[in-house]
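*Asks:* Before we start, here is the structure in question, set down as structure tokens.
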Amino acid sequence: MISIVIPTLNAANHLPETLSALIPAAVEGLVKEVIVSDGGSADETCRVAEAAGARIVLGDKGRGGQLARGAAEARGRWLLFLHADTRLDASWTEEASWFIADEARAGVFTLKFESGGWAARLVVAGAMLRTKVFNAPYGDQGLLISRRLYDDVGGFSDKPLFEDVDIIDRLVKRHGRRVLHVFKAHAVTSAARYEAGGYSARVFKNLACLAMYRAGVAPSRIARFYHSP
115 MISIVIPTLN
125 AANHLPETLS
135 ALIPAAVEGL
145 VKEVIVSDGG
155 SADETCRVAE
165 AAGARIVLGD
175 KGRGGQLARG
185 AAEARGRWLL
195 FLHADTRLDA
205 SWTEEASWFI
215 ADEARAGVFT
225 LKFESGGWAA
235 RLVVAGAMLR
245 TKVFNAPYGD
255 QGLLISRRLY
265 DDVGGFSDKP
275 LFEDVDIIDR
285 LVKRHGRRVL
295 HVFKAHAVTS
305 AARYEAGGYS
315 ARVFKNLACL
325 AMYRAGVAPS
335 RIARFYHSP
């Protein structure tokens, strides 16, 4: 029923846990296939994916393009897009089982960081407020969407940044705010990028990038700023 698409780039450290969390759903028959869309990893990412039974799609790096290539190869009636450092908790299968009866909606998961500190909890609270009030989830919350709805909005764009915001914008614009459902199940995500530079600095940079995107700044320019020290 569900094809899972995971974009990767040197993700060997996180990918085993992400894939392991999907095994129960595959055993139940809920997950049809797992597709790893790799952007040129120099580590053991592809070997890890192959050992887990995933199909591998190769191409240039860039998450938007990788997601689009993975979706183009998927055969399921539903598509679930996951980041390589995000794992779903066990309760997702129960929610997804009833959700996929309606192909006119899409769903994202409730964000949770592996770190349990107060700063992580504060960032999560802000992310979920942004999701529920402004219909603006990010890709680390996953996206479960029917193939029909995905094709209807044109799929993922080959953007260097904010490919997740872009597809949700088109989805909500075309089908209204109620098209997006928020699952109670958690998408448990690595907080490494926040811990490396500090939570406050990362939140500020994320907000600045989003403001630039909304103002029409070229995604390539935003990407340079996002990846700058």
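According to this note's numbering, the stretch in the sequence shown is residues 115 to 343, in order. For glycine and all other residues, C-beta sits at the position ideal for the given N, C-alpha and C. Treat the numbers as computed from the prediction; the structure is a model and nothing was measured.
Identify whether I118 lies in helix, strand or coil by the three-state DSSP scheme.
*Replies:* strand
*Asks:* What is the DSSP secondary structure of E147, reduced to helix, strand or coil?
*Replies:* strand
*Asks:* To the nearest angstrom, how far is the alpha carbon of L208 from that of L202?
*Replies:* According to the sequence as given, residue 208 is Glu; it is not Leu. Answer to the nearest angstrom: the Cα atoms are 12 Å apart.
*Asks:* What number of angstroms, rounded off, separates the C-alpha of E147 from the C-alpha of L321?
*Replies:* 35 Å
*Asks:* Alpha carbon to alpha carbon, how far is I170 from G190? Give it in angstroms, no decimals.
*Replies:* Roughly 16 Å between the two C-alpha positions.
*Asks:* List the residues that DSSP assigns as beta-bridge partners of W192.
*Replies:* I116, S260
*Asks:* Once DSSP output is grouped into helix, strand and coil, what is the label at K287?
*Replies:* helix
*Asks:* Determine whether the beta carbon atoms of T245 and V267 lie at a separation below 8 Å.
*Replies:* no
*Asks:* For H295, which residues does DSSP report across the bridge?
*Replies:* G221
*Asks:* Sorted by chain position, which residues of the same chain lie with C-beta nearer than 6 Å to V150's C-beta, five sequence neighbours on each side aside?
*Replies:* I120, T122, A163, A168, I170
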